[in-house]
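Input: a single structure, listed below in C-alpha cells.
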Amino acid sequence: MIIATIRKELHLLARDRAAVFRLLVLPLAFIALFGSVFNSAETGAKRARPIAIWYGAAPLGTPIAAALDGSGVFATVRLGSADEVRARVAAEQLDVGLVIPDDFDPGAGRPAELVIDQGAPLQIRGPVEGAVAAIVDHVLSGGGARPPAVVAKSPPGIRQPLAGISAFQLSVPGNAVLFGFFIALICALSFDEERRTGTWRRLLAAPVPRWKLLIAKLVPYVAVSVMQLGILFGFGAAVFGMKVGGSIPALVVLCVAVACAATSLGLLIASLSATQKQISSLGSFVVLVMGLLGGCMVPRAIMPHLIQTIGLAVPHGWALDGFYTLLVRDGAGFVDVAPQIAAVFGFAIVFAAIGVRRFRFER
Amino acid sequence: MSATPVLALRDLGKRYGERVAVDGVDLVVERGEIVGLLGPNGAGKTTTISMACGVITPDRGTVHIAGHDLATDPYAAKRAIGLVPQDLALYEELTARQNLRFFGELFGFTGARLAARIDAVLAIAGLADRANEPARAFSGGMKRRLNLAIALVHEPTLLVLDEPTVGVDPQSRRHIFDAIRALRDAGLTVLYTSHYMEEVEELCDRVAIMDGGKVVASGTLRELATAHGADGLEVELAGEAAVLALAIEAALALGGTQVGERLHFDARTAWAPVFGALEATGATVAYVGSRRADLETMFLALTGKALRD
Ligand SMILES: Nc1ncnc2c1ncn2[C@@H]1O[C@H](COP(=O)(O)OP(=O)(O)OP(=O)(O)O)[C@@H](O)[C@H]1O
Ligand SMILES: [Mg+2]
Numbered sequence: 067m068i069i070a071t072i073r074k075e076l077h078l079l080a081r082d083r084a085a086v087f088r089l090l091v092l093p094l095a096f097i098a099l100f101g102s103v104f105n106s107a108e109t110g111a112k113r114a115r116p117i118a119i120w121y122g123a124a125p126l127g128t129p130i131a132a133a134l135d136g137s138g139v140f141a142t143v144r145l146g147s148a149d150e151v152r153a154r155v156a157a158e159q160l161d162v163g164l165v166i167p168d169d170f171d172p173g174a175g176r177p178a179e180l181v182i183d184q185g186a187p188l189q190i191r192g193p194v195e196g197a198v199a200a201i202v203d204h205v206l207s208g209g210g211a212r213p214p215a216v217v218a219k220s221p222p223g224i225r226q227p228l229a230g231i232s233a234f235q236l237s238v239p240g241n242a243v244l245f246g247f248f249i250a251l252i253c254a255l256s257f258d259e260e261r262r263t264g265t266w267r268r269l270l271a272a273p274v275p276r277w278k279l280l281i282a283k284l285v286p287y288v289a290v291s292v293m294q295l296g297i298l299f300g301f302g303a304a305v306f307g308m309k310v311g312g313s314i315p316a317l318v319v320l321c322v323a324v325a326c327a328a329t330s331l332g333l334l335i336a337s338l339s340a341t342q343k344q345i346s347s348l349g350s351f352v353v354l355v356m357g358l359l360g361g362c363m364v365p366r367a368i369m370p371h372l373i374q375t376i377g378l379a380v381p382h383g384w385a386l387d388g389f390y391t392l393l394v395r396d397g398a399g400f401v402d403v404a405p406q407i408a409a410v411f412g413f414a415i416v417f418a419a420i421g422v423r424r425f426r427f428e429r
Numbered sequence: 053m054s055a056t057p058v059l060a061l062r063d064l065g066k067r068y069g070e071r072v073a074v075d076g077v078d079l080v081v082e083r084g085e086i087v088g089l090l091g092p093n094g095a096g097k098t099t100t101i102s103m104a105c106g107v108i109t110p111d112r113g114t115v116h117i118a119g120h121d122l123a124t125d126p127y128a129a130k131r132a133i134g135l136v137p138q139d140l141a142l143y144e145e146l147t148a149r150q151n152l153r154f155f156g157e158l159f160g161f162t163g164a165r166l167a168a169r170i171d172a173v174l175a176i177a178g179l180a181d182r183a184n185e186p187a188r189a190f191s192g193g194m195k196r197r198l199n200l201a202i203a204l205v206h207e208p209t210l211l212v213l214d215e216p217t218v219g220v221d222p223q224s225r226r227h228i229f230d231a232i233r234a235l236r237d238a239g240l241t242v243l244y245t246s247h248y249m250e251e252v253e254e255l256c257d258r259v260a261i262m263d264g265g266k267v268v269a270s271g272t273l274r275e276l277a278t279a280h281g282a283d284g285l286e287v288e289l290a291g292e293a294a295v296l297a298l299a300i301e302a303a304l305a306l307g308g309t310q311v312g313e314r315l316h317f318d319a320r321t322a323w324a325p326v327f328g329a330l331e332a333t334g335a336t337v338a339y340v341g342s343r344r345a346d347l348e349t350m351f352l353a354l355t356g357k358a359l360r361d
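One line per chain: the protein sequences are F and Z, in this order.
Position 55 of the first sequence, counted from 1, bears residue number 121 in the numbering used here, the numbering being contiguous throughout.
Position 26 of the second sequence, counted from 1, bears residue number 78 in the numbering used here, the numbering being contiguous throughout.
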C-alpha cells in the first residue's frame with residue numbers, strides 16, 4: 067500500500083511542472099550562477115592581481131617592480147605616466163596602482179603613492195595595501211631572498227581543507243538545502259489538493275488505518291527529497307567539480323535527515339493552514355526565511371555573530387554546517403557531523419510531532 | 053433467508069459546533085435494493101453518507117455494513133462499501149487505469165485479480181478505449197463515469213453514490229443509470245443520493261427523504277404517495293379576481309394547497325363539500341384532473357421546500 071502511494075505520488079510529481087521546476091531546475095540554475103560568480107572572483111584572486119605601476123628615474127623603481135612580480139601576488143602593468151596610473155584606477159580598469167616619484171625617498175618624507183579607492187571595503191583594500199607596503203619595505207631594507215617570516219597553518223583539531231576548493235563547495239549545499247526544503251511546500255500542497263478534489267475522502271474510506279494513510283502520504287516525499295538532494299549533489303560533483311572530502315555515507319545520512327525534516331515541515335504547514343493560499347504564502351515565507359537564517363543564500367560564517375547563532379534555530383543552519391564539514395574537510399566522517407545529523411533529525415521529530423497533533427483528518 | 057441488511061444506520065448524529073448536520077438518522081438498506089436519499093441543500097445527505105463510509109466519525113449512533121460494525125470492525129466494513137463522492141474524486145494527472153490501479157491497491161487488490169477488476173470496471177464505465185489517457189483529458193461525463201468506476205474496482209457489496217450525475221450530459225447520465233441497474237441485477241445494493249426527482253423516481257425501489265438532518269419520511273414511492281397525499285385531484289378555477297380570492301380561501305380551509313394556478317387536494321379529501329364550497333363563492337370550475345404520485349409535491353408537503361431552488 068505504501069508502495070502504491072509512492073508510485074502514485076511520483077507519477078503526480080513527474081507531471082507537476084511547477085514542482086520539478088522548484089525542486090531541480092531552479093536550484094541547478096542557482097548553483098551554476100552563484101558558483102561561477104564567486105568562483106571567478108576567487109580564482110581571479112589566486113592568479114596574480116594586476117597592479118598599474120609608473121616609475122620614472124627613481125633608482126628603486128625597477129627592483130620594486132621585480133619584487134612585486136616575484137611575490138606571486140601581483141603582476142605589474144607598467145604605464146607611461148603617474149596620471150595614466152591614476153586614470154586607469156579611477157576608470158576601474160585596474161584595482162590598484164603604484165606611483166614611484168623620481169625623488170622617491172620615504173626617509174625624507176617623499177613616499178610612493180598607492181593608488182586605490184579609499185572607499186572600497188577594508189576587507190578588500192586592507193590586504194592589498196598591506197602587501198604592497200610590505201614588498202616595498204622589503205626592497206627598501208636591502209631586498210634579496212629571505213626565508214618567509216610568517217607561515218599560515220590551520221590549527222590542529224580542524225581537519226585539513228581540501229586543496230583547490232571552489233565556490234561550488236558552498237553553492238551546491240547552500241542551494242540543495244534551500245530548495246530541498248521546498249518539498250515541504252509541495253507536500254503541504256498535495257494534502258490540500260487531495261482534500262479539495264475529494265480523493266482524501268476516498269483514502270479515508272479505504273480499509274487502511276489513518277496513521278498508515280498519513281505515513282503513506284509522507285514517505286514518498288522523503289523519497290523524492292532524497293532523490294532531489296542526490297541529483298543536486300551528483301550534478302555538483304559531476305558538472306561543477308564539487309569535491310567531497312569526507313565520508314559519503316555520512317553525507318547520505320545527512321541528506322536523509324534533511325529530507326525527513328523538510329517533509330515533516332510540510333505536514334506541519336499543511337496542518338496549520340486551512341486553504342491553498344495559506345499554504346502557499348505561509349510555506350514560501352517559512353522556507354525562504356529559514357533558508358536565509360540558516361545561511362543558504364549567504365554563508366553564516368560571514369554573518370554577524372547574533373545572526374549566526376539564530377541560524378542554529380532552523381534545521382538549515384545545522385544541515386549546512388554538516389555539509390560544509392563533509393565537503394570541505396578531508397576525511398571527515400560520522401563523528402564529525404554527528405551533532406548536525408542529530409539536530410536535523412531532532413527538527414524532523416519536533417515538526418512531525420506538532421504536525422500530527424494539529425493534523426485534522428476530517429474537515 | 054432473512055439476511056442481515058447491507059447497510060444499517062442507527063441513531064446517527066453529527067454536529068459541527070452549534071450546527072446540527074445530522075440528527076438521529078435511522079436507515080436500513082436491504083440486499084439488492086436501490087434506495088434513494090433525497091433532500092434539499094444542507095439536509096445532511098453527504099454527512100450521513102460520509103459517516104456510513106467511515107470518512108467522518110459520528111458523534112453518536114452506529115453503522116453496520118454487511119453485518120460488520122464500522123466502529124469495531126472497520127476494515128471488513130469498509131471493504132464492503134464503494135463510495136462515489138459528490139466531488140470528482142480522482143487524480144486528474146493520472147490515467148484512468150492508473151487511478152483504478154491505485155485505489156484497487158488501496159483496497160488490497162494486486163496482480164492478475166486487480167488487472168481483471170480494472171478491465172471489468174472500465175467496461176462498465178464505457179472507458180475501455182480511453183483507459184490510458186489522463187483523466188484531465190476526459191469530458192465531464194467521462195470523469196463522472198471514472199468516478200463511478202473507481203468505487204467499483206474492489207467489488208463492493210454496497211455502492212454509495214453522492215449525486216453522481218451533477219453536471220452530466222444526458223448521454224453519460226443514461227450510461228451511469230444503465231450501469232447502476234445492471235449492477236443491481238448482478239446483486240449489488242445501492243444507496244443513491246440526488247436532488248433530481250426524476251432520477252430517484254426512475255431508479256429507486258425505496259426512498260428516504262431527509263430534511264434538517266433527519267429522515268422525515270421513507271418507504272416505497274407508492275407508500276409515500278398514499279401516506280403523504282401526493283395522489284389526488286387538481287382543480288383550476290375561473291372567475292373575477294375577487295371571486296377567485298374567496299374561492300381560494302375556501303379551498304385552503306378545506307385542506308387544499310395552492311400550486312401556481314391550480315389547487316391541489318389529496319386523495320383522502322371529501323369531494324362534495326369542496327366542490328360545494330368552491331361553487332358557492334361564484335367561481336367556475338374550469339378544469340379537474342387527477343394527480344399522480346409525484347415526489348416533488350410529496351417533498352413540498354413534507355418539508356415545505358422545493359427540492360431544487
Ligand atoms: N465540515 C463542515 N463544517 C461545518 N459544517 C458542515 C461541514 N460539513 C457539513 N456541514 C453542515 O452540515 C449541514 C449538512 O451538510 P451536508 O453536506 O451533509 O448536506 P447535503 O444534504 O449533502 O447538501 P447538498 O445537497 O448541498 O450536497 C449543512 O448545514 C452544512 O453546512
Ligand atoms: Mg451533499
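Ideal placement from N, C-alpha and C gives every residue a C-beta, glycine not left out.
What's the C-alpha gap between residue 272 of chain Z and residue 258 of chain Z? Position 220 of the second sequence, counted from the start, is the residue given in the question as residue 272 of chain Z. Position 206 of the second sequence, counted from the start, is the residue given in the question as residue 258 of chain Z. Whole-angstrom Cα-Cα distance: 4 angstroms.
Please report whether the beta-carbon of residue 285 of chain F lies at a distance below 9 angstroms from any beta-carbon of chain Z. Locating residue 285 of chain F in the first sequence gives position 219, where the first residue counts as 1. Output row for residue 285 of chain F: interface = no.
Between the beta-carbon of residue 361 of chain F and the beta-carbon of residue 240 of chain F, is there less than 9 angstroms? Taking the first residue of the first sequence as position 1, residue 361 of chain F is located at position 295. Taking the first residue of the first sequence as position 1, residue 240 of chain F is located at position 174. Cβ distance < 9 angstroms, so residue 361 of chain F and residue 240 of chain F count as in contact.
Which of helix, strand or coil DSSP assigns to residue 81 of chain F: The sequence position of residue 81 of chain F within the first sequence is 15, counting from 1. It is coil, neither helix nor strand.
Please decide whether residue 396 of chain F counts as near chain Z, where near means a Cβ-Cβ distance under 9 angstroms. For the purposes of this step, residue 396 of chain F is taken as residue 330 along the first sequence, with counting starting at 1. Output row for residue 396 of chain F: interface = no.
With DSSP run on the structure shown, which of helix, strand or coil describes residue 83 of chain Z? Counting from 1 along the second sequence, the entry for residue 83 of chain Z is found at position 31. Coil, per DSSP.
Cβ of residue 107 of chain Z less than 9 angstroms from any chain F Cβ? As a first step, residue 107 of chain Z must be located in the second sequence, where it is residue number 55. Yes - at least one Cβ of chain F is within 9 angstroms of the one on residue 107 of chain Z.
I want to check one thing, is the minimum distance from the CB of residue 215 of chain Z to the heavy atoms of ligand 2 below 8 angstroms? Position 163 of the second sequence, counting from 1, holds the residue named residue 215 of chain Z. Under cutoff, so the answer is yes.
Identify the residues that DSSP records as bridge partners of residue 140 of chain F: which are they? Here the question's residue 140 of chain F lines up with position 74 in the first sequence. DSSP, once it has assigned bridges, lists F:115 as partnering residue 140 of chain F.
Closest to residue 80 of chain Z by CA distance: which of Z:242, Z:313 and Z:110 is it? Sequence index remark: in the second sequence, residue 80 of chain Z carries index 28 (1-based). The shortest Cα separation from residue 80 of chain Z among Z:242, Z:313 and Z:110 belongs to Z:242.
Could you tell me if residue 110 of chain F is buried or exposed, where buried requires 16 or more neighbouring beta carbons within 10 angstroms of its beta carbon? Numbered from 1 along the first sequence, position 44 holds the residue referred to as residue 110 of chain F. Legend: pLDDT at residue 110 of chain F = 45, less than 50; position of this residue unreliable, no value from coordinates given.
Is it true that the CB of residue 97 of chain F sits closer than 9 angstroms to the CB of residue 306 of chain F? Here residue 306 of chain F is taken as the residue at index 240 of the first sequence, counted from 1. Here residue 97 of chain F is taken as the residue at index 31 of the first sequence, counted from 1. Yes, they are a contact pair.
Kindly indicate which three-state DSSP category residue 382 of chain F falls into: helix, strand or coil? Residue mapping note: residue 382 of chain F aligns to position 316 of the first sequence, counting from 1. Looking at residue 382 of chain F - three-state DSSP - the assignment turns out to be helix.
Applying the criterion that 16 or more other CB atoms from any shown protein chain within 10 Å of the CB defines a buried residue, is residue 88 of chain Z buried or exposed? Within the second sequence, residue 88 of chain Z is the residue found at index 36, counting from 1. The residue is buried, with at least 16 neighbouring Cβ atoms inside 10 Å.
Can you tell me the Cβ-Cβ gap for residue 383 of chain F and residue 316 of chain F, rounded? I've got them flagged as a contact below 8 angstroms. Within the first sequence, residue 383 of chain F is the residue found at index 317, counting from 1. Within the first sequence, residue 316 of chain F is the residue found at index 250, counting from 1. That belief does not hold up - the Cβ atoms of residue 383 of chain F and residue 316 of chain F are roughly 18 angstroms apart, past 8 angstroms.
Anything in the region 99 to 132 of chain Z with a Cβ closer than 9 angstroms to a Cβ of chain F? List those residues in chain order, please. 102, 105, 106, 107, 108, 109, 126, 127, 128, 129, 130 and 131
Within 10 angstroms of the Cβ of residue 322 of chain F, are there 16 or more other Cβ atoms? Answer buried if so, exposed if not. Position 256 of the first sequence holds residue 322 of chain F. Residue 322 of chain F comes out buried.
Ligand 3 heavy atom lying under 8 angstroms from the CB of residue 413 of chain F: The ligand content of the structure shown is limited to ligand 1 and ligand 2, which means ligand 3 is not among them.
What in chain F is Cβ-close to residue 157 of chain Z, meaning under 7 angstroms? Residue numbering aside, residue 157 of chain Z sits at position 105 when the second sequence is read from its first letter. Simply 67 and 70.
Can the beta-carbon of residue 193 of chain Z be found less than 9 angstroms from the beta-carbon of residue 223 of chain Z? For this step, residue 193 of chain Z is matched to residue 141 along the second sequence. For this step, residue 223 of chain Z is matched to residue 171 along the second sequence. In this structure, residue 223 of chain Z lies closer than 9 angstroms to residue 193 of chain Z by Cβ.
Does any residue of chain Z have a CB that is nearer than 9 angstroms to the CB of residue 183 of chain F? Here the question's residue 183 of chain F lines up with position 117 in the first sequence. Not closer than 9 angstroms to any Cβ of chain Z, the Cβ of residue 183 of chain F fails to qualify, so no.
Presumed contact (8 angstroms Cβ cut-off) between residue 106 of chain Z and residue 270 of chain F, rounded CB distance: The residue labelled residue 106 of chain Z in the question sits at position 54 within the second sequence. The residue labelled residue 270 of chain F in the question sits at position 204 within the first sequence. That pair is a contact at about 7 angstroms.
Residue 130 of chain Z burial status per 10 Å Cβ neighbour count (16 or more: buried): Here residue 130 of chain Z refers to the residue found at position 78 when the second sequence is read from its first residue. Buried is the call here.
Flag residue 205 of chain Z as yes when its Cβ comes closer than 8 angstroms to any non-hydrogen atom of ligand 1, and as no otherwise. As a first step, residue 205 of chain Z must be located in the second sequence, where it is residue number 153. Every heavy atom of ligand 1 is 8 angstroms or more from the Cβ of residue 205 of chain Z, so no.
Buried or exposed for residue 320 of chain Z, please, with buried defined as at least 16 other CB atoms from any protein chain shown within 10 angstroms of its CB. Here residue 320 of chain Z refers to the residue found at position 268 when the second sequence is read from its first residue. With fewer than 16 other Cβ atoms within 10 Å, it is exposed.
Beta-bridge pairing of residue 241 of chain Z - partner residues as DSSP gives them: Residue 241 of chain Z sits at position 189 when you count from the first residue of the second sequence. The partner list for residue 241 of chain Z (beta bridge, DSSP) reads Z:210.
Consider the C-beta atom of residue 342 of chain F and the heavy atoms of ligand 2; say whether any pair is separated by less than 8 angstroms. Here residue 342 of chain F corresponds to residue number 276 of the first sequence, with the count starting at 1. Not so, every heavy atom of ligand 2 lies at least 8 angstroms from the Cβ.
Report yes if the C-beta distance between residue 378 of chain F and residue 409 of chain F is below 9 angstroms; otherwise report no. Residue numbering aside, residue 378 of chain F sits at position 312 when the first sequence is read from its first letter. Residue numbering aside, residue 409 of chain F sits at position 343 when the first sequence is read from its first letter. Result yes, Cβ atoms of residue 378 of chain F and residue 409 of chain F sit closer than 9 angstroms.
Using a Cβ-Cβ cutoff of less than 8 angstroms, which residues in the same chain neighbour residue 263 of chain Z once the five nearest sequence positions on both sides are dropped? Position 211 of the second sequence holds residue 263 of chain Z. Contacts found: 91, 92, 95, 354, 355 and 357.
Under 9 angstroms, do residue 135 of chain F and residue 142 of chain F count as touching if we go by C-beta distance? Within the first sequence, numbered from 1, the residue matching residue 135 of chain F stands at position 69. Within the first sequence, numbered from 1, the residue matching residue 142 of chain F stands at position 76. Contact flag set, yes.
Taking the continuous alpha helix (DSSP H) assigned at residue 147 of chain Z, which residues delimit it? Residue 147 of chain Z sits at position 95 when you count from the first residue of the second sequence. Run containing residue 147 of chain Z: none; DSSP gives neither H nor E here.
Residue 362 of chain Z - DSSP class collapsed to helix/strand/coil: Outside the modelled stretch of chain Z, which goes from 53 to 361, sits residue 362 of chain Z, for which no answer is possible.
What are the uninterrupted segments assigned as alpha helix (DSSP H) that are 4 or more residues long and contained completely in the region 271 to 332 of chain Z, given in chain order? 273 to 279, 293 to 305 and 323 to 332
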